[in-house]
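Trainee: Count the sequence shown with UniProt numbering and you get residues 1 to 926, in order.
Here a beta-carbon is modelled for each residue, glycine too, at the ideal position from N, C-alpha and C.
Before anything else, here's the structure in question.
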Amino acid sequence: METPRARDSVFTAQDTFLRRHVGPRPEQIEHILKTLGYSSVDEFVSKTVPEEVLLSESSFDESAMPALSESELARRGRELASQNQVFRSYIGMGYSNTEVPPVIMRNVLENPAWYTSYTPYQAEISQGRLESLLNYQTLVKSLTGLDISNASLLDEGTAAGEAMILALNCVKDKKRNVFLVDENVLPQTLAVLQGRAMGFGIEVITSKLHDNGKAALPLEHKERIMGVLVQYPDVNGTLVDWAPLAKEVKELGGLLIAATDLLALTMIKSPGEWGADVAVGNAGRFGVPPGYGGPQAGFFAASDAIKRRMPGRLIGVSRDADGRPAYRLSLQTREQHIRREKATSNICTAQALLANMSAMYAVYHGPRGLRRIAAKVHALTIVLKKQLEQLGAKVVNRDGAFFDTLTIEAPASKVHKEAAAKRINLRRISDDHVGVTLDETVSVEDMTDVINSFARAMSKPEIAAQDLVASTMEQGLSAESLDSLSFDANFARTSPYLTQPVFNSHHSETALLRYIHSLQNKDLSLVHAMIPLGSCTMKLNSTSSMNMLSFPEYHAIHPFVPLDQVQGYQTLIKELEDDLAKLTGFAAVSLQPNSGAQGEFAGLSVIRAYFDAQGQQHRHVCLIPTSAHGTNPASAVMAGMKVVSVKTLPDGTIDLDDLREKAEKHKDVLAASMITEPGTTGIYFPKIKEAISIVHEFGGQVYLDGANLQAQVGVTNPVVMGADVTHLNLHKTFSIPHGGGGPGVGPIGVKAHLAPYLPGHPVVKTGGENAIEPVSAAPWGSASILTIAWAYIRMLGWHGIRTSTVMALLNANYVKERIQHKYKVKYVGKHGNVAHELLVDVAEFQQCGVQVMDVAKRLIDYGFHPPTCSWPISTGLLIEITESEPFEEIERLVDALLHIADEVQEISEGKQPKDINLLKMAPHNH
């Protein structure tokens, strides 16, 4: 598979990525084929992928997607980076610059031991990141003043959306369906809320909820309010005493949600102190750069009374078998796996890697260091206000009622022109108002340039940097004054925070470095061994594709900068959209959804918008097989659809008779069907085209779940099958790392008739002509990590991508062949093959008392992360190998599984006790 191509010459680069990406060597591939009984790769593929959807390698023009070598990719990446202009951005609106401590940048963000690990479902090999995520929860809980926090959400906008649905679920009077939003919340948050609200029948109403700092509910909506969202401080920088409003909302039986800023909360009263029920936001200011919009760790904290309704993951402290403290996922409201069509949240992915960075930032600086950073930012904002007022500008913000953001009356076009000449971006509010948000990176030269931009625009004298320093000293704003700098009594925080030892122990680089590595050593990642998780595709996250993430030209850019400053980004985004469209067969792609579940919601929302535009608003039924991912029915409900289940046959495939019966029964209201291909059973569905045509016959659209796209790319595609829309897990198939539980990216591809409805954005134009509301806070979602998927595709090219898929199929079938004499492989296809994963049923082991979790924990003793357990069947192990694992590691897994089967046999024969044995006591301490 790595023989020279016909067009290669002596000048061809030898650092080809495919040779590094695929694990087995040519002679090992021959061995795999021989073991499986095939004479060639083509013969194997023809007996594995259903003929009616199979693409031959020659069906695609390879010149349309050539492969770059690693060195060529690096040059291309830097070329595009040079086309991005890194201006100093003080736009604010939820995104600020931050100083990422190099010890965290190098040892967390750039460290594969942190970014290649999976969600910590297996606590025994996840204690390090569980502790770090607990630190994140503690950080959020402490600063927000609320009782409990989860381990991160996707971003601030979607966290607010989750809070809105939580408010709906908590209200006792179901006639209350108004969610009131203050007019000064972030515009992207409001837009996300409006999109989320449609499926639940919620009426989102914006209103001015305060006048001169005094807050109150408007009389006309009181009888119908179930929740209220305020920004604290708001988008214009204003601090409002929301306590009276919180009291009023609670008396009505609703929830008060505060979107807030963690850095500000080191100086101002926490939302919990003035009565908020929920606090949301993002933790970007704690050591996570803006990244052209993401990924950013969203946060969500709540009062104790509503903790059981919280979305996402919660890390808790438990005890191990010996009574010692241990960490685990103690609560995880992935309710969709239990309640399915009754679920109201489809949250699956979090932002664990970014949450860990923010947690380490807080550990490194500690409470005093964080407050000094906040005090510096606030002091600079005071200085800016005084300097602008001396120029004659009117600052809208009152003294003592702002943190880091000012809104200034000024000739906006002139100010922006002067600022741009100094490579500065300010917030564009209106023709006569400009916004400025400061951050910890601001230097005296930066501040001087900002002030002088206004001075020149207003024809006033400029100030020199040394004079600005002298002026601040005269005002009593010195380094020594930062510890005592505070707000007036209405807003000043007096309560302690971050009193736990971990935030007061690791403030030198040596101490933090050792702490980071002590946690890392408690975990298993792809650095250590294979992670054979079915449906999760834990493949190589290559160094060459990760490198660009560290370039400031990609990570240090605000998402709302003018497009002419990000020509490199725009080219990269367009190329990635085009590549994904070619690989899937679709006409258009949106990169905005920042998780697979977000992609599901986006795809179904696009379908709803399409039917609405056709005057078929009545179409609302979604047919979903019982074997589907749990997020599928939850996403359908969120998109305002009614879920109707379709039966699954004993062989794991869709019951076409039941599908037809349900489609015909609901033909007048049928909107969509959600189908996963290959299914969660690990095999291709040979009648997938027939299933899709049935839905089309009765007027519905077909959403093909892309969770298992790993088995499609290059050998088939959704459009060949007939699908209308598909989400693509870039953190699976296209090699963005899982990061210990996130980030994820779930863009959608659509046919031409759906393209006009792709998600838009209120600040930066995206999407189609009739775009739906945004599904994520940033225009292109987690934009900075799109660089990884772009690099992956560019280095593999068409031939390499197809080869990767074929190798994943070969590896899975090799494992199946090697273990099936001792394990029951639940499902196989027509020719006895599986797709990219195999479902092993260990139900027979229960006869001697061995459960599926016993096998999983015993695998830890052999140095492996267990496969996906108890899903899609309760006694199942869903095993996926990927193309990147070396053959020796695949053999090691096979040997481990065979040894475990022998150990089960020893228990069955009485050679080991039934209750105390190697499996029951696993994992064992090493």
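1) With respect to the alpha helix (DSSP H) encompassing Q231, which residues constitute its N-terminal and C-terminal limits?
2) Can you check which of these residues, S39, T48, E72, D42, is closest to G797 by C-alpha distance?
3) Could you name the residues of the same chain whose beta carbon sits closer than 7 Å to that of V178, not counting the 5 residues immediately before and after it, in chain order?
4) For my contact list, V842 and L877 are in at a C-beta cut-off of 8 Å; report their separation, rounded to the angstrom.
5) Kindly identify the DSSP beta-bridge partner or partners of I148.
6) Between V589 and I748, how many whole angstroms is the CB-CB distance? I'm expecting something under 8 Å.
7) How is I873 classed by DSSP in three states: helix, strand or coil?
8) Q614: buried (16+ other C-beta within 10 angstroms of its C-beta) or exposed?
9) Is it the case that the region 258 to 276 contacts the region 285 to 294, given that we only count it when at least three CB pairs across the two stretches are under 8 Å?
10) So, at 8 Å on beta carbons, what are the nonlocal neighbours of residue 928 in its own chain, with the 5 sequence-adjacent residues on each side left out?
11) Pick from V764, E577, A379: whose alpha carbon is nearest that of F560?
12) Find out if the Cβ-Cβ distance for the pair T882, A808 is shorter than 8 Å.
13) I need the DSSP call for E445, collapsed to helix, strand or coil.
14) Taking all protein chains shown into account, do 16 or more other C-beta atoms lie within 10 angstroms of the C-beta of T499, making it buried, or fewer, making it exposed?
15) Quick check: the region 514 to 532 against the region 682 to 701, are at least 3 beta-carbon pairs closer than 8 Å?
16) Across which residues does DSSP place G92 in a beta bridge pair?
17) Less than 8 Å between the beta carbons of R313 and A123, yes or no?
18) By the DSSP assignment, the beta strand (DSSP E) with D488 in it spans what residues?
19) What whole-angstrom Cβ distance do Q188 and G161 have, given they're in contact under 8 Å?
20) Leaving out five residues before and five after E70 in sequence, what residues of the same chain have Cβ atoms less than 7 Å from its Cβ?
21) May I ask you to report which of helix, strand or coil DSSP gives I879?
22) Suppose the cutoff is 8 Å on Cβ atoms and the five residues either side in sequence are ignored; what does the same chain contact list for L384 look like?
23) Return the Cβ separation of V815 and V715 in integer angstroms, given the expectation that the two are a contact with Cβ distance under 8 Å.
24) For I654, count neighbouring Cβ atoms within 10 angstroms of its own Cβ and tell me buried if that reaches 16, exposed if not.
25) Who pairs with residue 930 in a beta bridge, going by DSSP?
26) On the criterion of 16 or more Cβ atoms from any shown chain inside 10 Å, does N833 qualify as buried, or is it exposed?
27) Report yes if the C-beta of Q710 is less than 7 Å from at least one heavy atom of the ligand NAP; otherwise report no.
28) Out of V904, A13, N236, which one is the CA nearest neighbour of I91?
29) Check the C-beta distance from L576 over to L758 and give it rounded, since I have them as a contact under 8 Å.
30) Jot down the residue ranges of each uninterrupted alpha helix (DSSP H) in the region 260 to 296, minimum 4 residues, whole runs only, in chain order.
31) In angstroms with no decimal places, state the Cα-to-Cα distance between V434 and A410.
32) Alpha carbon to alpha carbon, how far is F60 from L519? Give it in angstroms, no decimals.
33) Whole angstroms are fine: how far does the CA of K417 sit from the CA of L563?
34) In the DSSP assignment, what are the bridge partners of D523?
35) CB-CB under 8 Å to I907, same chain, minus the five flanking residues each way: which ones, in chain order?
36) Three or more C-beta pairs under 8 Å: does that hold for the region 504 to 519 against the region 124 to 131?
Mentor: Well, looking at it:
1) It is not in any alpha helix (DSSP H) - Q231 instead sits in the beta strand (DSSP E) that spans 225 to 232.
2) The residue with the shortest Cα to Cα distance from G797 is E72.
3) For V178, where only same-chain residues beyond five positions count, the Cβ hits under 7 Å are E203, I205, H221, R224, I225, M226.
4) 6 Å
5) A302
6) 7 Å
7) coil
8) Exposed.
9) The region 285 to 294 is in contact with the region 258 to 276.
10) With the chain represented from 1 up to 926, any question about residue 928 goes unanswered, as that position is not in the structure.
11) V764
12) yes
13) helix
14) exposed
15) no
16) Y95
17) no
18) It is not in any beta strand (DSSP E) - D488 carries neither H nor E in the DSSP assignment.
19) No, Q188 and G161 are not in contact; Cβ-Cβ is about 11 Å, not under 8 Å.
20) D15, F17, S544, M795
21) strand
22) L406, V436, L438, M447, V450, I451
23) No, V815 and V715 are not in contact; Cβ-Cβ is about 19 Å, not under 8 Å.
24) buried
25) Since the first and last residues shown for the chain are 1 and 926, residue 930 lies out of range.
26) buried
27) As presented, the structure is devoid of all ligands, the ligand NAP included, so that no description of it is given.
28) N236
29) Contact flag wrong, Cβ pair sits at about 15 Å.
30) 271 to 274
31) 7 Å
32) 46 Å
33) Spanning the two alpha carbons is a distance of roughly 15 Å.
34) S126
35) C848, G849, V850, P913, K914, N917, L919
36) Yes, since at least three Cβ pairs between the region 504 to 519 and the region 124 to 131 fall closer than 8 Å, the two stretches touch.
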